Amino acid sequence: MATRPKTLLERHYALLGLALIAPTVLVFCAVIVYPLISAIYLSLFSIFTPTLEGEWVGLANYRELLTSGDFWSALRVNLIWTIGTLTLQIVAGVGMALILHQNIWFRSLARSLILFPYFVSTVVAVLVWKWLFNDLYGILNHLMMTAGIIDWPIDYLGMMPNALISVILVGAWKYFPFVVIAVLARLQTIPDALYEAARIDGAGPVARFFDVTLPQLRDVLVVIIMLRAIWDFKEFDLIFLLTGGGPVNSTETLPLLVYKEAFALNQMGMASAYAVVMMLIMLVFMILYVRRTRSVDGA
Amino acid sequence: MTTMLTGRRNVLKGLAATTAMTALPRAARAQETTLRWWSPQSAPLQVAAYQTQIANFEAANPGVKVVFETTSDEGYAPQLAAAFSSGEVPDIVTHLPSFAIQSYYANGLVEPFNDVIDMIGADDFFEGANDVFRAADGNYCGTGIGNSAANMLWLRKDLMEEAGIDAAPTTWDELRAAAQAMQKNGIFGAPLPYGANSMTTLIFAGVIHQAGGQIFDTDLSVALDTQETRDALEWYGAMREVCPPGATNYSWGEAITAFVSGATATGIYTGRVLGNVNAQNPSIADSVTCVRYPTKSTAIAPWTFNDFPSVFIPAQSNNIEMAKKFAASLFDPEGYIQQLHAAPGHVLPVLKSINDNPDYQNNEIIQKYPAEVELMSEAAAGGFNLGYESANHPSNEKAGEVVGSGVIAEMVQRVILNGDNVDEVIGDTAKAIEDIMKG
Numbered sequence: 001m002a003t004r005p006k007t008l009l010e011r012h013y014a015l016l017g018l019a020l021i022a023p024t025v026l027v028f029c030a031v032i033v034y035p036l037i038s039a040i041y042l043s044l045f046s047i048f049t050p051t052l053e054g055e056w057v058g059l060a061n062y063r064e065l066l067t068s069g070d071f072w073s074a075l076r077v078n079l080i081w082t083i084g085t086l087t088l089q090i091v092a093g094v095g096m097a098l099i100l101h102q103n104i105w106f107r108s109l110a111r112s113l114i115l116f117p118y119f120v121s122t123v124v125a126v127l128v129w130k131w132l133f134n135d136l137y138g139i140l141n142h143l144m145m146t147a148g149i150i151d152w153p154i155d156y157l158g159m160m161p162n163a164l165i166s167v168i169l170v171g172a173w174k175y176f177p178f179v180v181i182a183v184l185a186r187l188q189t190i191p192d193a194l195y196e197a198a199r200i201d202g203a204g205p206v207a208r209f210f211d212v213t214l215p216q217l218r219d220v221l222v223v224i225i226m227l228r229a230i231w232d233f234k235e236f237d238l239i240f241l242l243t244g245g246g247p248v249n250s251t252e253t254l255p256l257l258v259y260k261e262a263f264a265l266n267q268m269g270m271a272s273a274y275a276v277v278m279m280l281i282m283l284v285f286m287i288l289y290v291r292r293t294r295s296v297d298g299a
Numbered sequence: 001m002t003t004m005l006t007g008r009r010n011v012l013k014g015l016a017a018t019t020a021m022t023a024l025p026r027a028a029r030a031q032e033t034t035l036r037w038w039s040p041q042s043a044p045l046q047v048a049a050y051q052t053q054i055a056n057f058e059a060a061n062p063g064v065k066v067v068f069e070t071t072s073d074e075g076y077a078p079q080l081a082a083a084f085s086s087g088e089v090p091d092i093v094t095h096l097p098s099f100a101i102q103s104y105y106a107n108g109l110v111e112p113f114n115d116v117i118d119m120i121g122a123d124d125f126f127e128g129a130n131d132v133f134r135a136a137d138g139n140y141c142g143t144g145i146g147n148s149a150a151n152m153l154w155l156r157k158d159l160m161e162e163a164g165i166d167a168a169p170t171t172w173d174e175l176r177a178a179a180q181a182m183q184k185n186g187i188f189g190a191p192l193p194y195g196a197n198s199m200t201t202l203i204f205a206g207v208i209h210q211a212g213g214q215i216f217d218t219d220l221s222v223a224l225d226t227q228e229t230r231d232a233l234e235w236y237g238a239m240r241e242v243c244p245p246g247a248t249n250y251s252w253g254e255a256i257t258a259f260v261s262g263a264t265a266t267g268i269y270t271g272r273v274l275g276n277v278n279a280q281n282p283s284i285a286d287s288v289t290c291v292r293y294p295t296k297s298t299a300i301a302p303w304t305f306n307d308f309p310s311v312f313i314p315a316q317s318n319n320i321e322m323a324k325k326f327a328a329s330l331f332d333p334e335g336y337i338q339q340l341h342a343a344p345g346h347v348l349p350v351l352k353s354i355n356d357n358p359d360y361q362n363n364e365i366i367q368k369y370p371a372e373v374e375l376m377s378e379a380a381a382g383g384f385n386l387g388y389e390s391a392n393h394p395s396n397e398k399a400g401e402v403v404g405s406g407v408i409a410e411m412v413q414r415v416i417l418n419g420d421n422v423d424e425v426i427g428d429t430a431k432a433i434e435d436i437m438k439g
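These protein sequences, in sequence, are chains Y and R. Here the working numbering is used: the first residue of the first sequence is 1, the next is one more, and so on. Here the working numbering is used: the first residue of the second sequence is 1, the next is one more, and so on.
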């Protein structure tokens, strides 16, 4: 069957459609496609950062990266940090959301105050925690020494495993309010009838949590875990400001390695290679997230 | 094949310039030149001095505006790398260590400074003051805006007396024994840095020299794998027991605070200690003094770390001539003396006329500690740093990257904190530095 030629109006509509979608496509290309292609392109060169002059090295940066101990060490630290801080964020976030969901005094005030760590700037948060951790003047050491728990100040940020534990704890403190907000919002939409039915069936508080609350939270928790995993995996400022990646490279994650290559060693090509590999790792999280959100939307 | 990736940069520069021009009122564009001035030295009194210098310059040069922007000792390298690569550079940069400029100059990023030195008066500089800024092509890549003696050993005479120590230590063994004797009543012996930062790198480079060793040979080949380096690591590790637990994360700020607050019996820092002690802990002000940092034995000459706080002009500046004029004006007596007085003893004058100027000498701190200031001036004048390890060494263009890489601090941490095998660590570090030198 012959195709009917498009009318003038249809052609105008098609052009109008293109014109309307063009700004979005342009912005998408400018902020997503261009930096992505640029990073991949730069990773194929050996480039001196301040001059951006360099020479083509092909895949040599990737070969060097994958055969160097630095990458695998940073990846290991990155995974420990991500899993550690994320687990604490989820546990503390869900726990706090459950408390704030109860009819407690000053609930509105508590709900506002709980957001404080999330809203405070990372630099300020790190300064506060460094002060708390300080060996000579820090309140943590002071209180523990006064209570006779320790005789000697604890070195929280300069020794392992203290440094990694401290970073994970500060990360959990900083970001758990995000989990609180999301979980609290979902808790408020769980029908009371489900809890009533569970009570009639003789379920206690623990059983109600595991049989009613947790299944209801599952979808939102999956989304939170995916998002926070992506954000925590690429966390830079908090770790860099707290420990600088030390002692030695015990808290050096991949983002810190990218920064070191790009600006301390002035190797922009190698830094881009690290960034591209990081992006590929995060792509796994992203695919899981997209699949999950699609299945939730489709349900 | 060498590829110039300038197309992208030019586009970025063009976009930035267009945006900036669009944002400016037309009248302002027509008459105002703005100079951006970066410095990591930004204590309130120093900034006040800079404002005097800016006001004087702006009054003498209508239509010129100078904007001061702060960077930091640990952050200047990435900030400048980003500035250079984007083309959005400051017009003048001060107080960075000399080795940083040599690296930038070698890559064509810094304007030769010869004519500024002539404007200031080449003969007025202390002898040899500009040697560290002489580049391989014979030009000067910058000049010193001051001298500093960054690894002076600061002592508390009252604590020494209490501990029965009658003379300042001159050798490592004496220093360690003194620190052990003074470590009591919650006061630690010393605030040496063991952190993953540039202070650890720069101070430990000095410790290697105080052992009689060096990082590079005079032909700039790596000379780290020596007994002197092992001795330095052994002593530095032994000193850990007289340092606060948190010294594993110390940098300049923590090190000076530890001594000034009275938490440590000795200190390692520049003359900034004097001003800070008098302002923040006057109860110990009459007890502090300084000497050159001890060496392994009296047969080894002291090695003072002078970072040669500099002034230089990025080649990409759009206002090079005006920036040069401003750079020269920084040495005008009124503003320069106020700047030096903002941290007396911390940044020491490089001009003979300023050092002899009664206005410079007329300062409470300088008059209160004449012997200390004199000693620091003398030590700084004969000082060196990683980019200029001795008078026999040429300037090392890669020293900035060696410091930035953190490999020397990492060596300290691996051996002292992790207890890794010394030979293996020194071998790894030497190899890492060699790789950096090869570029």
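Just so you know, even glycine gets a beta-carbon here, dropped at the ideal spot from N, CA and C. Predicted, not measured: the structure shown is a model, and the values here were computed from it.
I'd like the list of long-range same chain contacts for residue i, defined as Cβ closer than 6 Å, with 5 residues on each side in sequence excluded.
i	result
R:A135	Y105 and C141
R:F68	W37 and Y50
Y:V126	L241 and L242
Y:S267	According to the sequence shown, residue 267 of chain Y is Gln rather than Ser. Cβ within range, chain order: E261.
Y:V258	A271, Y274 and A275
Just the chain R side, please: which residues come within less than 9 Å of residue i by C-beta, in chain order?
i	result
Y:G148	Within 9 Å Cβ-Cβ: nothing; Y:G148 doesn't reach chain R, min ~16 Å.
Y:N134	G246 and E254
Which word fits residue i, buried or exposed, when buried means at least 16 other C-beta atoms lie within 10 angstroms of its C-beta?
i	result
Y:I200	exposed
R:L24	Residue placement at R:L24 cannot be trusted, given a pLDDT of 47 that sits under 50; what the coordinates show is reported in the next sentence. It counts as exposed.
R:M182	buried
R:R272	buried
Y:Y175	buried
R:T6	Confidence in R:T6 is poor, its pLDDT being 45 and thus under 50, which makes the residue's placement unreliable; the coordinate value appears in the next sentence. It counts as exposed.
Ordered along the chain, which non-local residues of its own chain (more than five positions away) have a Cβ less than 8 Å from that of residue i?
i	result
R:T441	Examination of residue 441 of chain R is not possible in this model, given that chain R is present from 1 through 439 alone.
Y:S73	N249 and E252
Can you check which of these residues, the options, is closest to residue i by C-alpha distance?
i	options	result
R:M376	R:G345, R:E389, R:Q367 and R:I365	R:G345
R:A82	Y:M286, Y:K260 and Y:M278	Y:K260
Y:L115	Y:A182, Y:T51 and Y:N141	Y:A182
R:A129	R:L386, R:P349 and R:I365	R:P349
Y:L100	Y:I32, Y:L16, Y:I149 and Y:V180	Y:V180
R:G75	Y:A271, Y:F240 and Y:V284	Y:F240
Y:S68	Y:N266, Y:T293, Y:A147 and Y:L254	Y:L254
R:E364	R:N385, R:Q338, R:G382 and R:D115	R:Q338
R:N385	R:T143, R:N151 and R:M411	R:N151
Note down, in chain order, every chain R residue with its Cβ under 8 Å from the Cβ of residue i.
i	result
Y:A264	A77, P78, E401, G404, S405 and G406
Y:V120	Simply none; closest approach about 21 Å.
Y:V248	A196, E410, Q413, R414, L417 and N418
Y:P153	P244, P245 and G246
Y:G245	A196
Y:L157	G246, T248 and N249
The beta strand (DSSP E) that contains residue i, what's its start and end?
i	result
R:K65	V64 to T70
Y:A149	A small fix is needed here, since residue 149 of chain Y is Ile in this sequence, not Ala. From DSSP, Y:I149 is part of no beta strand (DSSP E); its letter is neither H nor E.
R:T94	I92 to T94
R:T429	First-last for R:T429: V422 to K438, but that is the alpha helix (DSSP H), not the beta strand (DSSP E).
Y:I47	F45 to F48
R:R230	Careful: R:R230 lies outside any beta strand (DSSP E), inside the alpha helix (DSSP H) at Q227 to A238.
Y:W129	First-last for Y:W129: T122 to F133, but that is the alpha helix (DSSP H), not the beta strand (DSSP E).
Output, in chain order, the set of chain Y residues within a Cβ distance shorter than 8 Å of residue i.
i	result
R:Y104	P50
R:S85	T49, P50, T51, L52 and M268
Within the same chain, show all residues whose beta-carbon is closer than 7 Å to that of residue i, passing over the 5 residues directly before and after it, in chain order.
i	result
R:L417	Y194 and T248
Y:F263	T49
R:V407	T429, A432 and I433
Y:V220	A182, V183 and R186
For the alpha helix (DSSP H) that residue i lies in, which residues bound it at each end?
i	result
Y:Y41	Y34 to L42
Y:P54	Checking the sequence, you will find Gly at residue 54 of chain Y rather than Pro. Premise fails: Y:G54 lies in the beta strand (DSSP E), E53 to W56, not in any alpha helix (DSSP H).
Y:R107	R107 to L113
What residues of chain R sit near residue i, judged by a beta carbon separation below 7 Å?
i	result
Y:G58	Correct list: empty, because the minimum Cβ distance to chain R is about 11 Å.
Strictly below 7 Å CB to CB, what residues from chain Y border residue i?
i	result
R:L386	Result: empty, since nearest Cβ-Cβ is about 15 Å, beyond 7 Å.
R:A81	T49, P50, F263 and N266
R:A258	L136
R:V263	The question names Val, but residue 263 of chain R in the sequence shown is Ala. Those within 7 Å of R:A263 in chain Y are L136.
Residues of chain Y with CB under 9 Å from residue i, in chain order?
i	result
R:L109	P50 and T51
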